[in-house]
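Protein chains in written order, with the numbering used here: chain A, 4 to 231; chain B, 543 to 792. The beta carbon of each residue, even a glycine, is placed where N, CA and C say it ideally should be. From a predicted model like this one, the values you see are computed outputs, not experimental measurements.
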Amino acid sequence: MLGMPDEIWVPIKLTIELATISTLSLLVVATPLAWWLARSKAWFKEAAAAIVSLPMVLPPTVLGFYLLIALGPDGPGGLIASLWGARTLAFTFTGLVIGSILSSMPFVVQPIRNAFAAVGDRPLEVASTLRASPRRAFWTVALPLASPGLLTGAVLGFAHTVGEFGVILMIGGNIPGRTRVMSTAIFDFVETMRWREANLLAGGMVAFAFVVILAMTLLEKRFTRAGA
Amino acid sequence: MKLTGLVAALVGFLTSLAAPVHADVTHVAVAANFTEPAKEIAALFKQKTGHEAVLIFGASGAFYTQITHSAPFEVFLSADAERPKMAVDNGYAVPDTLFTYAIGKLVLWSRVIDVTNGEAALKAGNFQKLSIANPVAAPYGTAAVETMKALGAYDALKPKIVQGNSIAQAFQFIDTRNAELGFVALSQLHGVTEGTRWEVPLKLHAPIFQDAVLLKTGANSEASKAFLAFLKGPEARAIIAKFGYVLELS
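Pasting the structure below:
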């Protein structure tokens with residue numbers, strides 16, 4: 004594909020798949036969580052926020068180690084896997100998605116939470132005086148107003164998953180075509196001193212990261228101007 | 543007053559003469575499979591010579607890359623013979639200091655199925671995942687692949703293989719039972735009672751010569767040279783044998 008050998012192209016394809024699926028899943032999970040964190044008055048709210056932020060602080064190998072146990076036959080992962088006759092979710096693409104979701108969660112929840120908090124109560128009060136139900140107000144008022152935050156969260160989540168190394172190294176098993184993503188492939192090339200391939204992949208990642216961050220900044224500016 | 547000061551200075555000076563010679567520190571990069579024996583040897587080394595060996599554990603491949611980029615190791619205990627030789631050939635290590643400190647023993651280990659007859663277990667294939675160390679990064683991984691090929695089981699087993707990036711990680715996959723079985727170093731099973739094991743006959747794979755070498759950064763370090771000398775000595779070799787390494791090929 005594109006004239007690149009499999010050992011270069013397949014990790015790229017896998018990484019993009021993993022990042023896309025993880026980001027979409029994250030948006031689905033993080034948005035309600037961020038909404039709750041932004042608007043709840045529960046006494047344990049900040050404690051919950053701190054727990055959500057833990058993956059940002061924990062070394063990826065620590066996270067990966069506990070994931071290895073959780074995904075295995077001694078944890079919930081093993082139970083889920085047994086539904087289709089497997090023993091563990093480690094070494095599977097599904098396991099990687101779960102790992103990515105957990106490790107990227109804080110990067111997605113924070114911007115969305117901040118965006119919802121910035122919406123404030125006023126627009127939603129106004130919506131209810133115009134007879135919008137809370138649910139309708141969420142979808143038609145709060146969400147569009149918070150969209151820059153959602154975009155930031157999505158981009159951060161995508162970029163963080165592309166760069167994820169420690170967690171994937173711990174639970175992936177380096178299976179070509181299934182869990183050998185760009186970051187672990189680069190590691191392999193470095194180990195075997197294949198500098199050309201390592202530079203090719205790594206250089207591609209740097210260029211990609213630059214484009215992503217630039218795009219995020221420009222798009223966010225445009226969205227904020229449009230929404231204001 | 544002056545007299546007290548003089549006496550204090552004299553006492554201080556005399557005490558310093560009685561103190562041990564300044565003990566040196568050496569930084570030793572140790573292959574992951576040699577973790578436990580290295581710790582014991584370093585402790586004994588400190589006891590006997592006063593020098594301190596700071597041990598850093600990891601994959602030999604990663605260490606070599608770091609060494610070629612000015613990592614501050616003074617001694618390199620590799621899991622293979624290739625990388626110390628490359629270090630000498632490429633000018634990162636002191637020639638004539640290279641020697642084999644241990645010969646590795648590969649073991650098939652499982653906490654889930656009975657592998658006492660390892661060859662039969664491998665050929666029966668009643669498992670989903672087999673853990674090995676990444677062959678490009680760790681010689682125990684290479685030996686695992688050679689063993690499976692020698693048994694004629696590699697093609698059948700290939701789809702079930704998962705790789706840990708070091709032998710320590712390969713061990714973790716089996717210990718957490720994510721992989722039903724796998725190939726680890728015998729030294730890693732020291733003191734482990736769970737599960738069943740099969741010591742792979744040495745003839746099934748190329749010998750895992752584990753070589754040590756003094757790096758250029760440690761060329762003038764007394765502690766580094768003393769550590770390597772200690773490693774060749776009878777006390778260290780007794781520890782190495784205790785952990786299941788072979789000292790001589792018969």
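Proximity test, Cβ basis, 8 Å: residue i and chain A
i      : result
A754/B : no
V678/B : yes
Q608/B : no
G737/B : no
Q670/B : yes
N575/B : no
V704/B : yes
G603/B : yes
N762/B : no
E718/B : The identity of residue 718/B in the sequence shown is Thr, whereas the question assumes Glu. Judged by the 8 Å Cβ criterion, T718/B is in contact with chain A.
N632/B : no
Q730/B : no
N707/B : yes
Q714/B : yes
Coil, strand or helix - residue i by DSSP
i      : result
G724/B : strand
S150/A : helix
V123/A : Position check: residue 123/A holds Gly in this sequence, whereas Val was assumed. In the structure shown, G123/A sits in coil (DSSP, three-state: anything other than H, G, I, E or B).
R719/B : coil
S652/B : strand
F68/A  : helix
F204/A : Checking the sequence, you will find Leu at residue 204/A rather than Phe. Helix.
E223/A : helix
T738/B : strand
A761/B : coil
V158/A : helix
V788/B : strand
M173/A : helix
V165/A : helix
I178/A : coil
Q670/B : coil
P579/B : helix
N659/B : coil
L133/A : coil
A231/A : Summary for A231/A: the model assigns pLDDT 46, below 50, so the residue's position carries little reliability; its value from the coordinates is reported in the next sentence. Coil, per DSSP.
A778/B : helix
L74/A  : helix
L105/A : helix
G547/B : helix
R197/A : coil
Counterpart residues of residue i in DSSP-defined beta bridges
i      : result
Q752/B : A644/B
I598/B : A571/B
G706/B : A675/B
W46/A  : Looking at the DSSP assignment, W46/A forms no beta bridge with any residue, so it has no partner.
F618/B : A571/B, V755/B
A635/B : L757/B
Integer Cβ distance of residue i from residue j, believed to fall under 8 Å
i      : j      : result
T182/A : F96/A  : 7 Å
L204/A : M185/A : 6 Å
R739/B : L650/B : 7 Å
L693/B : L746/B : 7 Å
R42/A  : F119/A : 7 Å
I796/B : F599/B : Here chain B has residues from 543 to 792 only, and residue 796/B is not among them.
D753/B : P637/B : Between P637/B and D753/B the Cβ distance is about 13 Å, and since that is not below 8 Å, they are no contact.
E688/B : A748/B : 6 Å
I178/A : F68/A  : I178/A to F68/A, Cβ: 19 Å. No contact.
G166/A : L99/A  : Contact flag wrong, Cβ pair sits at about 14 Å.
is_contact[residue i, chain B] using C-beta, thresh 8 Å
i      : result
G166/A : no
E223/A : no
I178/A : yes
R90/A  : yes
G102/A : no
A93/A  : yes
E194/A : yes
G2/A   : The structure shown does not extend to residue 2/A, since chain A is modelled only from 4 through 231, so no value can be given for it.
P76/A  : yes
D191/A : yes
I115/A : no
L21/A  : no
L40/A  : no
I72/A  : yes
(message) For the structure I just gave you, are there three or more beta carbon pairs, one from the stretch 567 to 584 of chain B and one from the stretch 615 to 634 of chain B, closer than 8 Å?
(response) Here the stretch 567 to 584 of chain B lies against the stretch 615 to 634 of chain B, with 3 or more beta-carbon pairs under 8 Å apart.
(request) Tell me, please, whether the stretch 699 to 717 of chain B touches the stretch 124 to 142 of chain A by the rule of three or more beta-carbon pairs shorter than 8 Å. (result) no
(request) Would you check if the stretch 57 to 69 of chain A and the stretch 100 to 111 of chain A touch, i.e. whether three or more CB-CB distances between them fall below 8 Å? (result) yes
(request) Pair every Cβ in the stretch 15 to 32 of chain A with every Cβ in the stretch 154 to 168 of chain A, then say whether three or more of these pairs are closer than 8 Å. (result) yes
(message) I'd like to know if the stretch 779 to 789 of chain B and the stretch 642 to 661 of chain B are in contact, where contact means that at least 3 CB-CB pairs between them fall below 8 Å.
(response) yes
(message) Taking contact to mean 3 or more Cβ pairs, one atom from each stretch, closer than 8 Å, check whether the stretch 750 to 770 of chain B and the stretch 580 to 598 of chain B are in contact.
(response) Yes, they touch.
(message) Would the stretch 729 to 738 of chain B count as touching the stretch 653 to 665 of chain B if we require 3 or more Cβ pairs under 8 Å?
(response) yes
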